[in-house]
Structures are given as structure tokens and as C-alpha cells.
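Colleague: So for the sequence shown, numbering that gives the first Met the number 0 puts the first residue at 0; every next one is plus one.
Dumping the structure here so I can ask a few things about it.
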Amino acid sequence: MQTRHESRFSLYRALSSPLWRYTAVFLLLLLSIATGFLIYSSAHAQHTTQPISHRVVHQRSGANLPMPDHVVVVVEENHSYSQIIGNEDAPYINALAARGASLTNMHGITHPSQPNYLALFAGSTFNLSSDDCPQSFQSANLGQELLQAGHSFSGYSEDMPHTGFSDCYAPWWFFQMYARKHNPWSDFGNVPTSANQPFSSFPSDYNSLPTVSFVIPNQNNDMHSASVEQADNWLKQHLDSYVQWAQKHNSLLIVTWDEDNDTSANQIPTLFVGPMVKAGHYGENLNHYNTLRTLEDMYGLPYANNSAHAQPISDTWR
Numbered sequence: 000m001q002t003r004h005e006s007r008f009s010l011y012r013a014l015s016s017p018l019w020r021y022t023a024v025f026l027l028l029l030l031s032i033a034t035g036f037l038i039y040s041s042a043h044a045q046h047t048t049q050p051i052s053h054r055v056v057h058q059r060s061g062a063n064l065p066m067p068d069h070v071v072v073v074v075e076e077n078h079s080y081s082q083i084i085g086n087e088d089a090p091y092i093n094a095l096a097a098r099g100a101s102l103t104n105m106h107g108i109t110h111p112s113q114p115n116y117l118a119l120f121a122g123s124t125f126n127l128s129s130d131d132c133p134q135s136f137q138s139a140n141l142g143q144e145l146l147q148a149g150h151s152f153s154g155y156s157e158d159m160p161h162t163g164f165s166d167c168y169a170p171w172w173f174f175q176m177y178a179r180k181h182n183p184w185s186d187f188g189n190v191p192t193s194a195n196q197p198f199s200s201f202p203s204d205y206n207s208l209p210t211v212s213f214v215i216p217n218q219n220n221d222m223h224s225a226s227v228e229q230a231d232n233w234l235k236q237h238l239d240s241y242v243q244w245a246q247k248h249n250s251l252l253i254v255t256w257d258e259d260n261d262t263s264a265n266q267i268p269t270l271f272v273g274p275m276v277k278a279g280h281y282g283e284n285l286n287h288y289n290t291l292r293t294l295e296d297m298y299g300l301p302y303a304n305n306s307a308h309a310q311p312i313s314d315t316w317r
């Protein structure tokens, strides 16, 4: 019978044998290969199951649309397509048109301004043919749809005095820098007043932007009461940093106009700029209802009024 000392010595000799050493090396090699394979498989699976965000699409009405992290919609005033595109007084806007999608056959719905803003935001003019203020509605609209679906919405109006402001103008009726007729979400009781914000509250950290936001320059900076050049400079000063940021953050800028210069054609410029946009000129016949329908389809929302009968803009995306 072996003593304890002899047993330990025998075990030592066994573990020191070439056969055991080769076996141990082989087992360690197999363990290393298996561990590496599991790590690679886990990382590869994580990578392949997280899609590039601007390629996430909703397929409604047969359209493949991106789902941007953020959309900013800027609405300008009262100029036709031919007054803006190619105009040397609008170099920044034309640079955006060159790098993005320029919709060359886009139209307002009617005249004057207010019913066009309502059409873009809520899919109906509500039979308005004036800028009379105030108006009040409970209809479906883009802001209400986004909020009910768990997304976020805010409108940012320059020179509006404070959040939830409900008067028709500011600072005075004879000197209207802010005009509620250009702020349709303020007309809807189903959109919280907290979503009606002054442009001074527009986030400097773009990661904190709502899912969809509207930006309304004041009436000197939106081409309503001052020059195209002034509006172009304002847009570059206040939105170009967002445009640059959006390129790396799956986000979109839309620049559109409410109506043209009061002609029957009512042809307006509209631009899409972002990393998901396929640059070019697109000539299909479109109007505000198509723009609204596109935003609704991007986020899988219900349709507001006449947007249910419009087609989304589907050919401008990568």
C-alpha cells in the first residue's frame, strides 16, 4: 500500500509525463478556440441584428420609407419655386437643394397662408379661406398622432413670447413679428400647450429634439415681410448646425413654403436634406397632403383627414 508521500510522488510523475503535457496543451487549445468562437458569434449576432437606422423602413401603401430619429420642418412664406430655386439671393437654400432632394412640382393647397399650414399639419383646410384668428379644432393632426403613438412633437415659433402663448400676434397687432396664423398646433385642443414653444426653446443639444418639430421664423425671417436674402441668412445661421449634425445622426430637415406668391399654380419649393435622402430633382405632382402622409407613414401613424387619400413621397430615399 502506497504512503501519502508516495501517492503524491506518483501523481507528480504522471502529471509531468509528456503524454499529459500534450493532452493539457490540446485541451487548452480547444478551450481557447471555443471561447473565441462564442465571443465572435455573440458580437457578430449583435452587429447583424442592429440595422443601420436610416434603413429602418415602414412598408405602408407599398412605400419603403426611412424612420429618422428626428425631423425638423421649416416653413417659409409666400414664394414660388421659380422665385427661390436659382435665385442668387438664396445661396444657402440652393446649396441645400443641390445636396438633397428638390421637389420640383410641389404645390400649396389654396390661398392665403393659414389654410395651408393647417393642411400640412392636419390634412385639411377646414374650409378656411382667410387668416382669421383665433381658430379652434379637435381634429386629428400630426402632433396628436405622434404623441398618442409614444413619440414626441413640438412647434417652435420665433418671437412668440412664451410656451403656450395663445394670442393671435406679438408684440402688437400693427407690428406682427409672430402670427398665430402660421402656428397651426396652437389651434388644436388635443395638442398640449407644452408643445407650443418659442424658438428660443429650440434645443442646442439636438439629441434632445422631439421626434418631429416645426420651426416657424418670424415674419421678417420667413420671406413674408422682408427679403429672400434675409430669410436665407436666417436659415443658415439657425439651422445649418442641425443639418451638419443630422448627417451623422439619422435625422432629416424639410424646408417648405406655405404657398406661392398668390398665383393659381401655387407651385412652391420643398427640400429634403439628410443622410437617408437620395439627392436629385423629383417632378411628381405633390402637395402638402403628400408631405403630411410621408411623415405619418415614416412613424406608422394614423392618417389625418385628406392625408388618407394622398400618396407618400417614396422615391427620394436611399
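We put the CB at the ideal spot given by N, CA and C, even for glycine.
Are the CB atoms of TYR281 and ALA97 nearer to each other than 8 Å?
Modeller: Against a cut-off of 8 Å, the Cβ pair of ALA97 and TYR281 comes out as no contact.
Colleague: Nearest CA to the CA of LEU252: which residue from VAL72, ARG292, ASN219?
Modeller: Ranking the options by Cα distance to LEU252, first place goes to VAL72.
Colleague: Please report how far the alpha carbon of THR269 lies from the alpha carbon of PRO191, in whole angstroms.
Modeller: Whole-angstrom Cα-Cα distance: 28 Å.
Colleague: How big is the Cα-Cα spacing for TYR168 and SER129?
Modeller: Straight-line Cα distance between these residues: approximately 16 Å.
Colleague: If you follow the beta strand (DSSP E) that GLN246 is in, where does it begin and where does it stop?
Modeller: Careful: GLN246 lies outside any beta strand (DSSP E) and carries neither H nor E.
Colleague: Could you check the C-alpha separation between SER263 and SER112 for me, to the nearest Å?
Modeller: Cα-Cα distance, rounded: 14 Å.
Colleague: Label GLU87 either buried or exposed according to how many other C-beta atoms from any shown protein chain fall within 10 Å of its C-beta, with 16 as the threshold for buried.
Modeller: By the neighbour-count rule (16 or more Cβ atoms within 10 Å), GLU87 is not buried but exposed.
Colleague: Of all the beta strand (DSSP E) runs that stay within the bounds of the region 172 to 214, which reach a length of 3 or more residues?
Modeller: As far as the region 172 to 214 is concerned, its whole beta strand (DSSP E) runs of at least 3 residues are 174 to 178, 195 to 197.
Colleague: Whose C-beta lies closer than 6 Å to the C-beta of MET275 among residues of the same chain, with five residues either side of it excluded?
Modeller: Around MET275: HIS53, PRO65, TRP316, ARG317.
Colleague: Pick out whichever of ASN206, SER306, PRO114, VAL254 has its Cα sitting closest to the Cα of LYS247.
Modeller: Minimum Cα distance to LYS247 is reached at ASN206.
Colleague: Would you report the Cα separation of LEU300 and VAL227, rounded to the nearest angstrom?
Modeller: Each residue's Cα considered, the two are about 35 Å apart.
Colleague: Within this structure, are the beta carbons of HIS78 and MET222 separated by less than 8 Å?
Modeller: In contact: HIS78 and MET222 (Cβ atoms closer than 8 Å).
Colleague: With THR84 as the anchor, note down where its beta strand (DSSP E) starts and where it stops.
Modeller: Checking the sequence shown, residue 84 turns out to be Ile, not Thr. That residue, ILE84, is in no beta strand (DSSP E); it is neither H nor E in DSSP.
Colleague: On the CB-based measure, 16 or more other CB atoms within 10 Å of its CB, does ALA307 come out buried or exposed?
Modeller: Flag for ALA307 reads exposed.
Colleague: Curious, which full-length alpha helix (DSSP H) runs of at least 4 residues does the region 80 to 136 contain?
Modeller: You should have 80 to 83, 90 to 98, 112 to 121.
Colleague: Can at least three beta-carbon pairs, one atom from the region 106 to 124 and one from the region 137 to 153, be found at a separation below 8 Å?
Modeller: Yes, they touch.
Colleague: If you measure between the beta carbons of GLU258 and GLY107, is that distance less than 8 Å?
Modeller: Against a cut-off of 8 Å, the Cβ pair of GLY107 and GLU258 comes out as a contact.
Colleague: Could you pull the DSSP bridge partners for TRP316 from this structure?
Modeller: Note: TRP316 sits in a beta bridge opposite VAL276.
Colleague: Label TRP172 either buried or exposed according to how many other C-beta atoms from any shown protein chain fall within 10 Å of its C-beta, with 16 as the threshold for buried.
Modeller: Exposed, by the Cβ-count rule.
Colleague: For GLN266, count the other beta carbons within 10 Å of its own beta carbon; 16 or more makes it buried, fewer makes it exposed. Which is it?
Modeller: Answer is buried; the Cβ neighbour count reaches 16.
Colleague: Who does PHE164 pair with in a DSSP beta bridge?
Modeller: Answer by DSSP bridge pairing: none, since PHE164 is not bridged.
Colleague: Could you have a look at TYR155 and say whether DSSP puts it in helix, strand or coil?
Modeller: TYR155: strand per DSSP, three-state reduction.
Colleague: Since GLN250 sits in a beta bridge, which residues does DSSP pair it with?
Modeller: It should be pointed out that residue 250 corresponds to Ser in this sequence rather than to Gln. Its beta-bridge partners are HIS69.
Colleague: Just how far apart, CA to CA, sit ALA94 and PHE213?
Modeller: Roughly 21 Å between the two C-alpha positions.
Colleague: Do GLN137 and ASN195 come within 8 Å of each other at the CB atom, strictly closer than that value?
Modeller: Not closer than 8 Å, so no.
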